[in-house]
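Notes to accompany the following structure.
There are 2 protein chains.
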Amino acid sequence: MTGLNRRNLLASGAAALGGAGVGWGTRGLRGDHDGNGTNSASGTEPASTEPAADVVTGGDTIDFHGVHQAGIDTAAQAHLSLVGLDLLEGGGGEELGRMMRLLSDDASRFTSGRGALADTEPELAESPARLTVTFGFGPRVLRMLRPAYDPGLQELPAFPLDRLDPAWGQTDVVLQVCTDDPMTLSHVRRMLLKDAAPFATVRWVQDGFRRARGTEAAGTTMRNLMGQVDGTVNLPADDHADLLWSTGRASGFDGGTFMVVRRIEMDLVDWDRTDRVAREFSVGRKLADGAPLTGSAEHDEPDFEAVDAVGFPVIDPASHVARMRSADPAERFLRRGYNYTTPDGGAGLVFLAFAADVDRQFVPVQQRMDELDLLNEWVTTIGSAVYAVPPACVEGDFVGREMLGLPSPTTSGGDA
Amino acid sequence: MTGLNRRNLLASGAAALGGAGVGWGTRGLRGDHDGNGTNSASGTEPASTEPAADVVTGGDTIDFHGVHQAGIDTAAQAHLSLVGLDLLEGGGGEELGRMMRLLSDDASRFTSGRGALADTEPELAESPARLTVTFGFGPRVLRMLRPAYDPGLQELPAFPLDRLDPAWGQTDVVLQVCTDDPMTLSHVRRMLLKDAAPFATVRWVQDGFRRARGTEAAGTTMRNLMGQVDGTVNLPADDHADLLWSTGRASGFDGGTFMVVRRIEMDLVDWDRTDRVAREFSVGRKLADGAPLTGSAEHDEPDFEAVDAVGFPVIDPASHVARMRSADPAERFLRRGYNYTTPDGGAGLVFLAFAADVDRQFVPVQQRMDELDLLNEWVTTIGSAVYAVPPACVEGDFVGREMLGLPSPTTSGGDA
Numbered sequence: 001m002t003g004l005n006r007r008n009l010l011a012s013g014a015a016a017l018g019g020a021g022v023g024w025g026t027r028g029l030r031g032d033h034d035g036n037g038t039n040s041a042s043g044t045e046p047a048s049t050e051p052a053a054d055v056v057t058g059g060d061t062i063d064f065h066g067v068h069q070a071g072i073d074t075a076a077q078a079h080l081s082l083v084g085l086d087l088l089e090g091g092g093g094e095e096l097g098r099m100m101r102l103l104s105d106d107a108s109r110f111t112s113g114r115g116a117l118a119d120t121e122p123e124l125a126e127s128p129a130r131l132t133v134t135f136g137f138g139p140r141v142l143r144m145l146r147p148a149y150d151p152g153l154q155e156l157p158a159f160p161l162d163r164l165d166p167a168w169g170q171t172d173v174v175l176q177v178c179t180d181d182p183m184t185l186s187h188v189r190r191m192l193l194k195d196a197a198p199f200a201t202v203r204w205v206q207d208g209f210r211r212a213r214g215t216e217a218a219g220t221t222m223r224n225l226m227g228q229v230d231g232t233v234n235l236p237a238d239d240h241a242d243l244l245w246s247t248g249r250a251s252g253f254d255g256g257t258f259m260v261v262r263r264i265e266m267d268l269v270d271w272d273r274t275d276r277v278a279r280e281f282s283v284g285r286k287l288a289d290g291a292p293l294t295g296s297a298e299h300d301e302p303d304f305e306a307v308d309a310v311g312f313p314v315i316d317p318a319s320h321v322a323r324m325r326s327a328d329p330a331e332r333f334l335r336r337g338y339n340y341t342t343p344d345g346g347a348g349l350v351f352l353a354f355a356a357d358v359d360r361q362f363v364p365v366q367q368r369m370d371e372l373d374l375l376n377e378w379v380t381t382i383g384s385a386v387y388a389v390p391p392a393c394v395e396g397d398f399v400g401r402e403m404l405g406l407p408s409p410t411t412s413g414g415d416a
Numbered sequence: 001m002t003g004l005n006r007r008n009l010l011a012s013g014a015a016a017l018g019g020a021g022v023g024w025g026t027r028g029l030r031g032d033h034d035g036n037g038t039n040s041a042s043g044t045e046p047a048s049t050e051p052a053a054d055v056v057t058g059g060d061t062i063d064f065h066g067v068h069q070a071g072i073d074t075a076a077q078a079h080l081s082l083v084g085l086d087l088l089e090g091g092g093g094e095e096l097g098r099m100m101r102l103l104s105d106d107a108s109r110f111t112s113g114r115g116a117l118a119d120t121e122p123e124l125a126e127s128p129a130r131l132t133v134t135f136g137f138g139p140r141v142l143r144m145l146r147p148a149y150d151p152g153l154q155e156l157p158a159f160p161l162d163r164l165d166p167a168w169g170q171t172d173v174v175l176q177v178c179t180d181d182p183m184t185l186s187h188v189r190r191m192l193l194k195d196a197a198p199f200a201t202v203r204w205v206q207d208g209f210r211r212a213r214g215t216e217a218a219g220t221t222m223r224n225l226m227g228q229v230d231g232t233v234n235l236p237a238d239d240h241a242d243l244l245w246s247t248g249r250a251s252g253f254d255g256g257t258f259m260v261v262r263r264i265e266m267d268l269v270d271w272d273r274t275d276r277v278a279r280e281f282s283v284g285r286k287l288a289d290g291a292p293l294t295g296s297a298e299h300d301e302p303d304f305e306a307v308d309a310v311g312f313p314v315i316d317p318a319s320h321v322a323r324m325r326s327a328d329p330a331e332r333f334l335r336r337g338y339n340y341t342t343p344d345g346g347a348g349l350v351f352l353a354f355a356a357d358v359d360r361q362f363v364p365v366q367q368r369m370d371e372l373d374l375l376n377e378w379v380t381t382i383g384s385a386v387y388a389v390p391p392a393c394v395e396g397d398f399v400g401r402e403m404l405g406l407p408s409p410t411t412s413g414g415d416a
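Here the protein sequences come in this chain order: A and B.
Numbering-wise, the UniProt record's numbering puts 254 at position 254 of the first sequence, and it's gapless, one number per residue.
Numbering-wise, the UniProt record's numbering puts 373 at position 373 of the second sequence, and it's gapless, one number per residue.
Shown next as structure tokens:
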């Protein structure tokens, strides 16, 4: 696969380029770009304001077609809706193919700002706002359709600390819908699920969010809901296509990858009782800017040899940053997680990782965390799944066709 | 009350200024402002992009203090979290005062980009993104604390078509948290509810969304999830302070207003079965741009006298636009609703209206809708509440103190 576009991978790994603290203190950077001084920092006048005359970005598009599926090395949009689907009882390749043909056509239209063929509210589709729709397939689908085909998709091994709830478990198909606009998200999800309804049922929907587009400077590493800068070490910006995209492993899978979904619940009530020193000790990074405890900026290399005045390591070997670090450069993957909250006050992270080889790149890291990580006191994985994410399709084709061994689309077959 | 700022009211009623269709076709308007051509409309190259180098707006603030509470005539932010609280059994004025002192201090800090006094993740508070926190009080609170005080707060009359679920009913206190950033929303809500916990329980949380900031041109009227342009007729831009803000009605309430909350469920499954002609007939407006069926642009005045070739009215008298229209200019209010979805695929509108006199301005309109409106086929109100929204407080004071007849804050009293 030579389709790697260095700038694109760089974009998704932009964390590696954003300076620590760039996202903060932006008030100082912000010019009076609306030209009418609507933003009063203080004062006794009613301060209600109209928003600044922003650049309109709803029309920004990300191409659905290409070499790889979009939504992987795409700089993360503000909103996620991840939907786990199970094929209806008795459904096989033909049904799956019809569903994927419909959904691929929908996605192709939506991502370019057009309504679906059978769209009942096409006006809601006119602002894609960097919409991407990414499809993945669970192990059962490949076992059922192509038992001899092995692109490298295996269920994750058991991790003893997991407390898995089947309600968030492995499904046959996953749809990852991401966009900067929440209206677009809700409309696109609704239309996709209408078209999927004759073929599959929804097991779960995992919605998530990051900072809105424009809140922070592009490239600022996100924080999770524990307040930590989360994702500083991500797949580096260049020369690591081999860690992200599959090559030569199976026919029809070149340019594909694998998606790991882990739903990680946070115990914020207990976290709140933990003082900042203990928090930073557990993470191994400073909360203020994400700098390692041995450094002064987010992207400084942690110094695991450094000791304090009485000889203890500054970064505890059981801290998250120490446990996640590997001497093996292959133990890396692209992280693209989203925060979530629940109506009852719960919170957590929809951890999403993409890797060309899950067993080689992701599993050892997760095993180390499972064995020992001070952060485990406050985080529990309650859902887990893994999907084969085939390459993109060309226009008129559908995602996964080659991988699933299905025939080319014909002119027959209906829309929902 | 002379504090009305014409530009501000204009901002919230900005719908009246936005041209029809301004929000669409923005791709044409959008310059290549990122300077690197990342947005490919089509093509075979992988189109993953980094976001444009937007103006950073997370630092934009709206003053919590002033004459009126913010979040009313503030141009609607992208995200809403509306929280209904009930005071704990036995809680009276003293407890409510302590809670409001804490929450007002929190809100004052959060809206200026600072963490709360007891904030456990203050870094998450550093991008207010036009955050507003607005407080209202239900009828029971005034009856309990000041039975003789009458700013004009009454429960709404019964509307026969309502199918009210007490789970979404009247509460003692409401917090309206709005911001353009979903991370800020979740953090601020969590911290406010932590500080409220010793005094009150959460009855409901109603989250909602509009277009993200920047998706459309400022002033574009929002669409609801039925795809309709929703909110074209809003409180006009000038000379209607009397319809929004209370004056001379009760001591400590000048500059206050009332908030009506109606949770309106939409039957999108049935709506989807309805063709566009029938939809437009029911609404009385065109779906494409919100123009009345007798006009060509969103803000054209509907012509209720116009008839078609066979003599039938072009805008049916039972259509939504006809039923909502009143010859009485006092039957208007400021609408500030948000769309909602539920995990099971449900959808609707958190309808929020602000008016100086609910009985005079809102109730007749709602009664007309209840009596007859073709849209009722698809919408059902399942929650309803009304709140007195006092004026803003000055720095160091707390919202509602005068209205609730509570003593000035002293230096005693603790933080949560």
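Here a beta-carbon is modelled for each residue, glycine too, at the ideal position from N, C-alpha and C.
In this text the structure is predicted, and so the values were computed from the model without any measurement.
**Q.** Residues from the stretch 342 to 373 of chain B in contact with chain A, defined by Cβ distance under 9 Å
**A.** Pro343, Asp344, Gly345 and Ala347
Q. Got a sec? Which residues, its chain only, sit under 7 Å from Asp106 (chain A) by beta carbon, not counting five neighbours each side?
A. Ala116, Met191, Leu192 and Asp195
Q. Any heavy atom of the ligand COA within a distance shorter than 7 Å of the CB on Leu375 (chain B)?
A. The ligand content of the structure shown is nil, which means the ligand COA is not present either.
Q) Taking contact to mean at least 3 C-beta pairs separated by less than 8 Å, is the stretch 168 to 178 of chain A in contact with the stretch 67 to 81 of chain A? A) yes
Q. Is Ser246 (chain A) closer than 8 Å to Ala167 (chain A) when the C-beta atoms are compared?
A. no
Q | Residue from A:Leu372, A:Arg335 and A:Lys286 with nearest C-alpha to residue 433 (chain A) | A | The structure shown does not extend to residue 433 (chain A), since chain A spans only 1 to 416, so no value can be given for it.
(Q) Looking at chain A, is there any beta carbon in it that lies within less than 8 Å of the beta carbon of Asn339 (chain B)? (A) yes
Q. Residues in its own chain within less than 7 Å of residue 452 (chain A) by CB, not counting five upstream and five downstream?
A. Shown here, chain A extends from 1 to 416; a query on residue 452 (chain A) therefore has no answer.
**Q.** Beta carbon of Phe253 (chain A) nearer than 8 Å to that of Pro147 (chain A)
**A.** no
(Q) I'd like to know if Met183 (chain A) contacts chain B, where contact means its C-beta is closer than 8 Å to some C-beta of that chain. (A) yes
Q | Residues of the stretch 224 to 256 of chain A with Cβ closer than 8 Å to any Cβ of chain B, in chain order | A | Leu225, Met226 and Gly227
**Q.** Member of B:Val233, B:Ala129, B:Thr132 and B:Asp119 whose CA lies at the smallest distance from the CA of Ala322 (chain B)
**A.** B:Val233
Q.
Beta-carbon within less than 7 Å of Arg332 (chain B)'s beta-carbon, same chain only, minus the 5 sequence neighbours each way: which residues are those?
A. Leu235, Leu243 and Gln361
Q) Where Ile382 (chain B) and Gly84 (chain A) are concerned, what is the direct C-alpha to C-alpha distance, given to the nearest angstrom? A) 29 Å
**Q.** Whether Leu164 (chain A) touches Ile62 (chain A) by CB criterion (8 Å)
**A.** no
Q: Measure from the alpha carbon of Asp150 (chain A) to the alpha carbon of each residue in A:Ser251, A:Asn224 and A:Asp397, then state which is nearest.
A: A:Ser251
Q) Can you list the beta strand (DSSP E) stretches of 3 or more residues lying completely in the stretch 310 to 355 of chain B, in chain order? A) 338 to 341 and 347 to 355
**Q.** Chain-ordered neighbours of Asp180 (chain B) on chain A, where CB pairs are closer than 9 Å
**A.** Pro51, Ala212, Gly214 and Thr215
**Q.** DSSP bridge partner residues for Ile264 (chain A) (one or two, in chain order)
**A.** A:Leu349 and A:Thr381
(Q) Quick check on DSSP: helix, strand or coil for Phe110 (chain A)? (A) helix
**Q.** Rounded C-alpha distance that separates Arg203 (chain A) from Thr171 (chain A)
**A.** 7 Å
Q. How big is the Cα-Cα spacing for Glu123 (chain B) and Thr220 (chain A)?
A. 13 Å
Q: Look at the alpha carbon of Arg262 (chain A) and the alpha carbon of Asp162 (chain A), and state the distance between them as a whole number of angstroms.
A: 10 Å
Q. How many Å lie between Gly138 (chain B) and Leu374 (chain A) at the Cα?
A. 45 Å
Q.
Between Gly396 (chain B) and chain A, is the shortest Cβ-Cβ distance under 8 Å, so that the two count as touching?
A. no
Q) At a Cβ threshold of 8 Å, is Ala78 (chain A) touching chain B? A) yes
Q. Under three-state DSSP, which class holds Phe281 (chain A)?
A. helix
Q) Would you report the Cα separation of Asp308 (chain A) and Val55 (chain A), rounded to the nearest angstrom? A) 49 Å
Q. Looking at the structure shown, is Asp60 (chain B) part of a helix, part of a strand, or coil, going by DSSP?
A. coil
Q) For Val399 (chain A) versus Ala388 (chain A), is the C-beta distance shorter than 8 Å? A) no
Q: Return the residues of the stretch 115 to 127 of chain B that lie within a Cβ-Cβ distance of less than 7 Å from chain A, sorted by chain order.
A: Thr120, Glu121, Glu123, Leu124, Glu126 and Ser127
Q) Taking the alpha helix (DSSP H) that Arg140 (chain A) falls in, what are its first and last residues? A) Pro139 to Leu145
Q: Look up Pro166 (chain A) in the DSSP assignment and say whether it is helix, strand or coil.
A: helix
Q) Do you know whose CA, among B:Pro157, B:Glu95 and B:Thr134, lies nearest Ala385 (chain B)'s CA? A) B:Pro157
(Q) Which residue marks the beginning of the alpha helix (DSSP H) containing Asp289 (chain A), and which one marks its end? (A) Where Asp289 (chain A) is concerned, there is no enclosing alpha helix (DSSP H), given that its DSSP letter is neither H nor E.
Q: Output yes if chain A places a C-beta closer than 8 Å to the C-beta of Thr381 (chain B); else output no.
A: no
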